[in-house]
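Quick notes on the structure that follows.
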Amino acid sequence: MVTEACKKNHITVNGQVAKPSKEVFPTDRITFRKDQITQIITVLDIPESRVGAKLVDIYRKNETPAEAYAHLELLKLSKEHYRKAGTGRPTKKDRRDIDDYGDEIYDEEKTDL
5 MVTEACKKNH
15 ITVNGQVAKP
25 SKEVFPTDRI
35 TFRKDQITQI
45 ITVLDIPESR
55 VGAKLVDIYR
65 KNETPAEAYA
75 HLELLKLSKE
85 HYRKAGTGRP
95 TKKDRRDIDD
105 YGDEIYDEEK
115 TDL
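Counting in the numbering used here, the sequence shown runs from 5 upward without gaps.
Take a look at the structure:
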């Protein structure tokens with residue numbers, strides 16, 4: 005996934021477009037876009053070997069401004085205001101229920117005649 009982002013020139017290291025094989029060093033600033041936020045990460049240190057996901061925060065510092073996260077929350081709220089979750093095109097089950105309801109009304113009209 006990151007390799008594809010590098011090939012599309014979506015990741016920069018110290019202001020220069022990064023290739024997938026680019027080596028990073030302590031104090032390098034990595035900038036990329038994720039979830040409509042431009043993330044800024046500073047490399048603090050390089051581990052000697054692979055580490056688990058929980059330990060990654062020891063080696064990096066997130067310098068993304070708080071305003072970016074606030075902007076993301078506003079985007080989520082605006083989308084929710086535009087169209088409430090669960091509305092829109094009915095699901096397949098909803099469509100079957102609607103069809104069944106229509107058949108019941110048609111059957112009742114037929115028996116009244």
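Beta carbons: idealized from backbone N, C-alpha and C, even for Gly.
For a test of the three-state rule: what should DSSP assign to residue i, helix, strand or coil?
{"i": "Thr68", "result": "coil"}
{"i": "Thr31", "result": "coil"}
{"i": "Arg93", "result": "coil"}
{"i": "Lys80", "result": "helix"}
{"i": "Arg37", "result": "strand"}
{"i": "Val55", "result": "coil"}
{"i": "Ile44", "result": "strand"}
When you compare each of the options to residue i by their alpha carbons, which one comes out closest?
{"i": "Phe29", "options": "Leu48, His14, Ser53 and Lys23", "result": "Leu48"}
{"i": "Ser25", "options": "Ile102, Asn66 and Lys11", "result": "Lys11"}
{"i": "Phe36", "options": "Pro51, Lys97 and Asn18", "result": "Asn18"}
{"i": "Pro69", "options": "Glu52, Thr46 and Leu81", "result": "Thr46"}
{"i": "Lys38", "options": "Ile50, Lys96 and Tyr73", "result": "Tyr73"}
{"i": "Ile41", "options": "Arg100, Lys65 and Leu79", "result": "Leu79"}
{"i": "Asp32", "options": "Gly56, Arg64 and Asp98", "result": "Arg64"}
I think residue i touches residue j, with their Cβ atoms under 8 Å apart; what is that distance to the nearest whole Å?
{"i": "Val21", "j": "Asn13", "result": "5 Å"}
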